[in-house]
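A short worksheet on the structure shown next.
There are 2 protein chains.
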Amino acid sequence: MERRSQAERTEQMRARLLSATIECLAETGYGRMSTNDIVRRARVSRGALAHHFPTKAALVTAAAERLVDQRGAEFRERLSAVEPERRTPDEALAVLWSFYDDPTGLALIELTVAARAYPELKVVLGRMAEQIGAITAEMVLEYFPDLAQLPFIEEALRSLHALYAGLALSAMAGAEAEVQAQRVREFLGVLALNMQVSTTKPQSSKTLRSKQ
Amino acid sequence: MERRSQAERTEQMRARLLSATIECLAETGYGRMSTNDIVRRARVSRGALAHHFPTKAALVTAAAERLVDQRGAEFRERLSAVEPERRTPDEALAVLWSFYDDPTGLALIELTVAARAYPELKVVLGRMAEQIGAITAEMVLEYFPDLAQLPFIEEALRSLHALYAGLALSAMAGAEAEVQAQRVREFLGVLALNMQVSTTKPQSSKTLRSKQ
DNA sequence: ACTTGGAGGCAGGCTTGCCTGTTTGTTTAT
DNA sequence: ATAAACAAACAGGCAAGCCTGCCTCCAAGT
C-alpha cells in the first residue's frame, strides 16, 4: 500500500465502512445486519469501526446521509442520461422505477422501517423526502413543462413516489414487482393522457404550489 | 380462574400469544421485538410459548396468518359499516386508508420487510396479497359497479394499495401521512372523475381480467 | 536531512447483557 | 392416573461497546 495522508486514510476508511453498511443493509436487511458483518465486508477491524463511529446508530445515520446524497445525484444522472429524443414521460417513469428497484432502494426501505426506532434517522429521511420531492419537481419542470402545469401535479408526484415505494415494498414479500411496475406504467400512461385531455382547456390557471 | 376445558385453554392461550405478538410487532417493530416482550405482554411464561410455538418463526408466521384473516374480515366490516347513502368512492378511499393507517398496518409492513429473510412469511403474505386483491375487486364490483367497468381497474386497485402502503411506509419515517392521504384522496377524486369522463364513451368493452 | 515525540488511525480480544431454545418441575383437565 | 398445559430456571450463542496495544503519519527540534 502506498503512502497516504491522514486525511486520505480517514476518508477512504469512512467510505469503505459506509459502503459496506449500505451493502449489508441492502442484502441482509437492517434487522439481521451486525457490525461484525460490516467490518468483515469492509475488511477492517472492529477497532476501526469504533474509532470512526462510536455507536451503531451513528454509523447507520451516516450511511443514511451518504445514501441520500448518492441517490439524489444518481437521480439527476440517470434521467439526464437518456437521449433527448427518448425523453418521454413513460421513459421517465422507467427511470424513476429503476430508482426504487435497486439495492439502494431496498436499503432505503430498511432504513425507513428502522427509523421508527431511531428518531435521528427520521430527520435524515425527512430531509431526503423533501430533497427528492424538490428534485422530482425540478426535473418535471425541466423536461415536461406542460405536465408541470397540471393542477394537482405536486400531489401526483408525491403519489407516484409513494406508489413505487409501495411496489418495492411488496416486492420484498416476493411479489413480481417488475411486471407489476410495467403494467402500472401503462396504466399511468392512459391516466396522464386522460388528465391532459381533460385539463388542457381551462384549468391551467392553478399552478403547482411552492410550499406545502 | 374458573374451570376451562383443555381445548378452551389451548385456544385462549394461542389467542393471547398471537395478539401479544401482533401488538409487539406494531409497537416495537420486528427487529426490536423479543419473545420475552411477548410473554411479558401476554402474561404467560416462556414455557407456555415454547409449548404452543416451538420456534419464533412459527410464532411470527402464525401471527401473520391471524393478521391476514383479521384484516380480511375487518375490511369487509368497515366498508359495509358505512351507511348506504354515504358510500361514495371518496368514503371508500377513507376506509381503505384507515386500513393502512392502523397499528395492524404497521405490523403488516414490519412483517413484509421481515419476510425478506423468512421465505415462509413470503408465502403467507403472498396469499394475503391475492386475498386482499380479491376482496377489493369484489367490494368495488358490489358498491361501485360502474367503476369496475373501467379498463385498467385491476391495475388501478393494485396501484391504490401500493400507494397507500407507500404512504404508510413514509409515515414510519415521520411524514405526516394523515394530511398527505387527505390530499392524495382529493387528487384521486379528480383523477377518477377524469377517467370516467373520458372512458364512459367507447372503451367499456375491456372488462377486468380474471387472472394475471 | 535526521531524529524524536506526540497524536491520530487501526487491530483484535474481552465482557456484559440479552435472546432463543431446552429442560426440569408443577398444576390442571379428562 | 395419565397426559396435556403451564411455570421457571438453565445453557449456549451472539451482538454491541470498550480497552489495550501497535502502527503510521506529521511536526517540531537539532
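So the protein lines, in turn, are chains Y and P. Residues in the first sequence are numbered from 24 upward in steps of one, following our numbering. Residues in the second sequence are numbered from 24 upward in steps of one, following our numbering. All residues carry an ideal CB built from backbone N, CA and C; glycine is no exception. This structure is a prediction, so every number in the text was calculated from the model and none was measured.
Is any beta-carbon of chain P found at less than 9 Å from that of Y:Val-62?
-> Within the first sequence, numbered from 1, the residue matching residue 62 of chain Y stands at position 39. Chain P contact via Cβ: absent.
Please indicate yes or no: does the CB of P:Arg-55 lie closer than 8 Å to some heavy atom of the ligand GTP?
-> Ligands displayed in this structure: none; no statement on the ligand GTP is therefore possible.
In angstroms, rounded to a whole number, what distance separates the CA positions of Y:Ala-185 and P:Leu-183?
-> Counting from one through the first sequence, the residue named residue 185 of chain Y turns up at place 162. Counting from one through the second sequence, the residue named residue 183 of chain P turns up at place 160. Going from the Cα of Y:Ala-185 to the Cα of P:Leu-183 covers about 10 Å.
Collapsed DSSP secondary structure at Y:Ala-140 in the structure displayed | Here residue 140 of chain Y refers to the residue found at position 117 when the first sequence is read from its first residue. Coil, per DSSP.
Quick one: complete alpha helix (DSSP H) runs, 4+ long, within the stretch 97 to 149 of chain Y?
-> 112 to 123 and 126 to 137
Cutoff 8 Å; reference P:Ala-204; Cβ partners in own chain excluding five residues on either side = Working through the second sequence from its first residue, we reach residue 204 of chain P at position 181. Cβ neighbours of P:Ala-204 beyond the five flanking positions: Trp-120, Asp-124, Tyr-187 and Leu-190.
Whole-angstrom C-beta distance between P:Met-195 and Y:Ala-138, which should lie under 8 Å = If you number the first sequence from 1, residue 138 of chain Y lands on position 115. If you number the second sequence from 1, residue 195 of chain P lands on position 172. Yes, Y:Ala-138 and P:Met-195 are in contact; Cβ-Cβ is about 6 Å, under 8 Å.
Expressed to the nearest angstrom, what Euclidean distance is found between the alpha-carbon atoms of P:Gln-235 and Y:Val-202?
-> In the second sequence, the residue the question calls residue 235 of chain P occupies position 212. In the first sequence, the residue the question calls residue 202 of chain Y occupies position 179. Bear in mind that a pLDDT of 32 at P:Gln-235, under 50, signals an unreliable position, so the number given afterwards is only what the model happens to contain. Near 10 Å, if we compare the C-alpha coordinates of Y:Val-202 and P:Gln-235.
Look at the alpha carbon of P:Glu-46 and the alpha carbon of Y:Ala-71, and state the distance between them as a whole number of angstroms.
-> Start at 1 with the first residue of the second sequence, and residue 46 of chain P comes out as number 23. Start at 1 with the first residue of the first sequence, and residue 71 of chain Y comes out as number 48. So the two alpha carbons sit approximately 39 Å from each other.
May I ask which residues mark the beginning and end of the alpha helix (DSSP H) holding Y:Arg-39?
-> Position 16 of the first sequence, counted from the start, is the residue given in the question as residue 39 of chain Y. Here the alpha helix (DSSP H) through Y:Arg-39 covers 29 to 50.
Taking Cβ-Cβ distances below 8 Å as the criterion, which residues of the stretch 144 to 155 of chain P are in contact with chain Y?
-> Leu-144, Lys-145, Val-146, Leu-148, Gly-149 and Ala-152
Check Y:Ala-215 in the structure and name its three-state DSSP category.
-> For the purposes of this step, residue 215 of chain Y is taken as the residue at position 192 of the first sequence. Here Y:Ala-215 sits in helix by DSSP.
Reduced DSSP secondary structure (H/G/I, E/B, other) of Y:Gly-54 | Translated into positions along the first sequence, residue 54 of chain Y becomes position 31. Residue state, collapsed to three classes: coil.
Return the residues of the stretch 176 to 199 of chain Y that lie within a Cβ-Cβ distance of less than 8 Å from chain P, sorted by chain order.
-> Glu-178, Ala-179, Arg-181, Ser-182, His-184, Ala-185, Leu-186, Tyr-187, Ala-188, Gly-189, Leu-190, Leu-192, Ser-193, Met-195, Ala-196, Gly-197 and Ala-198
How is P:Gly-197 classed by DSSP in three states: helix, strand or coil?
-> Taking the first residue of the second sequence as 1, we reach residue 197 of chain P at position 174. Coil.
Does the distance from the C-beta atom of P:Leu-116 to that of P:Tyr-53 stay below 9 Å?
-> As a first step, residue 116 of chain P is located in the second sequence; it is residue number 93 there, counting from the start. As a first step, residue 53 of chain P is located in the second sequence; it is residue number 30 there, counting from the start. Not in contact: P:Leu-116 and P:Tyr-53 (Cβ atoms no closer than 9 Å).
For P:Phe-98, go through chain Y and note every residue whose CB falls closer than 7 Å to its CB, in chain order.
-> Translated into the one-based positions of the second sequence, residue 98 of chain P becomes position 75. Here the premise fails: no neighbours, minimum Cβ distance about 17 Å.
Can you name the residues of chain P whose CB is closer than 9 Å to the CB of Y:Tyr-141?
-> In the first sequence, counting from the first residue as 1, residue 141 of chain Y sits at position 118. What Y:Tyr-141 touches in chain P: nothing, since even the nearest Cβ is about 10 Å away.
For the stretch 42 to 68 of chain P, enumerate the residues whose C-beta is nearer than 9 Å to any C-beta of chain Y, in chain order.
-> Thr-51, Gly-52, Tyr-53, Gly-54 and Arg-55
Mind checking P:Arg-181: buried by the 16 CB within 10 Å criterion, or exposed?
-> As a first step, residue 181 of chain P must be located in the second sequence, where it is residue number 158. Answer is buried; the Cβ neighbour count reaches 16.
Mark P:Thr-111 as exposed unless 16 or more other C-beta atoms lie within 10 angstroms of its C-beta, in which case mark it buried.
-> The count along the second sequence starts at 1 and reaches residue 111 of chain P at position 88. P:Thr-111 comes out exposed.
Just the C-alpha distance for P:Val-83 and P:His-75, rounded to the nearest angstrom, thanks.
-> Here the question's residue 83 of chain P lines up with position 60 in the second sequence. Here the question's residue 75 of chain P lines up with position 52 in the second sequence. When rounded, the distance between both Cα atoms is 12 Å.
Three-state secondary structure (DSSP) of P:Ser-68 | Position 45 of the second sequence, counting from 1, holds the residue named residue 68 of chain P. Correct three-state label for P:Ser-68: coil.
Given Y:Thr-33, which residues of its chain have a CB within under 7 Å of its CB, disregarding the five upstream and five downstream residues?
-> For the purposes of this step, residue 33 of chain Y is taken as the residue at position 10 of the first sequence. None.
Can you give the Cα-Cα distance for Y:Phe-210 and P:Glu-178, rounded to whole angstroms?
-> Reading the first sequence from its first residue, position 187 is the one you call residue 210 of chain Y. Reading the second sequence from its first residue, position 155 is the one you call residue 178 of chain P. Approximately 7 Å, taken between the alpha carbons.
So, does the CB of P:Glu-133 fall closer than 9 Å to a CB anywhere in chain Y?
-> Here residue 133 of chain P is taken as the residue at index 110 of the second sequence, counted from 1. With 9 Å as the cut-off, P:Glu-133 counts as an interface residue toward chain Y.
Shorter than 9 Å from the beta carbon of P:Ala-138 to some beta carbon of chain Y?
-> Numbered from its first residue, the second sequence carries residue 138 of chain P at position 115. Output row for P:Ala-138: interface = yes.
Could you tell me whether any Cβ in chain P is nearer than 9 Å to the Cβ of Y:Gln-35?
-> As a position in the first sequence, residue 35 of chain Y is number 12, starting the count at 1. Y:Gln-35 does not count as touching chain P.
Expressed to the nearest angstrom, what Euclidean distance is found between the alpha-carbon atoms of Y:Glu-100 and Y:Ile-158?
-> As a working mapping, residue 100 of chain Y is identified with position 77 in the first sequence. As a working mapping, residue 158 of chain Y is identified with position 135 in the first sequence. Taking the straight line joining both Cα atoms gives about 12 Å.
Going by beta carbon distance, what residues of the same chain come within less than 8 Å of Y:Lys-224, once the five residues before and after it are set aside?
-> Position 201 of the first sequence, counting from 1, holds the residue named residue 224 of chain Y. Low per-residue confidence applies at Y:Lys-224: pLDDT is 40, beneath 50, and the placement is therefore not dependable, though the value from the model is reported in the following sentence. No residues qualify anywhere along the chain.
For Y:Arg-89, decide whether its Cβ has a neighbour in chain P, counting only Cβ atoms nearer than 9 Å.
-> In the first sequence, counting from the first residue as 1, residue 89 of chain Y sits at position 66. No, because no Cβ of chain P sits closer than 9 Å to the Cβ of Y:Arg-89.
According to the Cβ coordinates, are P:Leu-102 and P:Tyr-166 closer than 9 Å?
-> Translated into positions along the second sequence, residue 102 of chain P becomes position 79. Translated into positions along the second sequence, residue 166 of chain P becomes position 143. Result yes, Cβ atoms of P:Leu-102 and P:Tyr-166 sit closer than 9 Å.
Would a check of beta-carbon distances place P:Glu-209 closer than 9 Å to chain Y?
-> Taking the first residue of the second sequence as 1, we reach residue 209 of chain P at position 186. Yes, P:Glu-209 lies at the interface with chain Y (some Cβ there is under 9 Å from its Cβ).
Pick out whichever of P:Glu-106, P:Arg-69 and P:Ala-49 has its Cα sitting closest to the Cα of P:Thr-58.
-> Here residue 58 of chain P refers to the residue found at position 35 of the second sequence. Residue P:Arg-69 is the option with its Cα nearest to P:Thr-58.
Spatial neighbours of P:Arg-55 within its chain, please: CB distance less than 7 Å, with the 5 preceding and 5 following residues excluded, ordered by chain position.
-> One-based indexing of the second sequence puts residue 55 of chain P at position 32. No residues qualify anywhere along the chain.
Between P:Pro-112 and chain Y, is there a C-beta pair that is closer than 9 Å?
-> Here residue 112 of chain P corresponds to residue number 89 of the second sequence, with the count starting at 1. Not one chain Y Cβ lies under 9 Å of P:Pro-112.
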